[in-house]
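Read the structure below first, then the notes.
In the UniProt record's numbering, the protein residues as written are 1 to 156.
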């Protein structure tokens, strides 16, 4: 697998799989699991960080336990398609803390947002007073997630 300046081999992929499961693993633990000494393991990790393969280390939270139990998938079509409107829309949505994922998509809608809120009242407040106030929105469609069957950050 090739990236911009770095080709991933099986050892790199093994490191990435381990870090995706537990980013708190020490270099020594990772090295032991992939049968490599700690120094080259550390060098590989640093190289993948520097090249942007590893973008960040984060913590996955149980959203219900941090009062974000409602998940809404919101699709948005802009009322006009020009660079100025799209750029402004992207900038404004990017600042909304309730929007945890934000994608430009194809089809009947232009954007897909994953929104977390404590409950329906808070989502309604967000939708009416923040999201719908952004200029350029032509149409929205909200889908309320009843249950998460699978959520994963593991891509390799």
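Just so it is clear, CB atoms sit at the ideal spot from N, CA and C, and this is done for glycine as well.
To the nearest angstrom, how far is the alpha carbon of residue i from that of residue j?
i: residue 55; j: residue 143; result: 29 Å
i: residue 158; j: residue 110; result: Nothing can be reported for residue 158, as the shown portion of the chain is limited to 1 through 156.
i: residue 116; j: residue 130; result: 14 Å
i: residue 118; j: residue 14; result: 37 Å
i: residue 84; j: residue 94; result: 15 Å
i: residue 46; j: residue 152; result: 24 Å
Near residue i, what residues of its chain come up, given a Cβ to Cβ distance below 8 Å and the 5 sequence neighbours on each side ignored?
i: residue 21; result: 154
To which residues does DSSP link residue i through a beta bridge?
i: residue 142; result: 74
i: residue 101; result: 114
i: residue 53; result: Answer by DSSP bridge pairing: none, since residue 53 is not bridged.
Terminal residues of the continuous alpha helix (DSSP H) containing residue i?
i: residue 123; result: 120-129
i: residue 91; result: 83-94
i: residue 27; result: 27-34
i: residue 46; result: 38-50
Tell me which residue opens and which closes the beta strand (DSSP E) that residue i is part of.
i: residue 117; result: 111-117
Tell me which same chain residues have a C-beta within less than 7 Å of the C-beta of residue i, skipping the five on either side of it?
i: residue 170; result: The structure shown has nothing for residue 170, since the chain only spans 1 to 156.
Would you grab the beta carbon distance between residue i and residue j for me? Rounded to a whole angstrom, and I think it's under 8 Å.
i: residue 135; j: residue 88; result: 7 Å
i: residue 28; j: residue 40; result: Not confirmed; about 12 Å, so no contact.
i: residue 75; j: residue 141; result: 5 Å
i: residue 96; j: residue 137; result: About 13 Å separates the two Cβ atoms, so there is no contact after all.
Among residues of its own chain, excluding the 5 on either side of residue i, which ones have a beta-carbon nearer than 6 Å to its beta-carbon?
i: residue 48; result: 54
i: residue 113; result: 74, 99, 102
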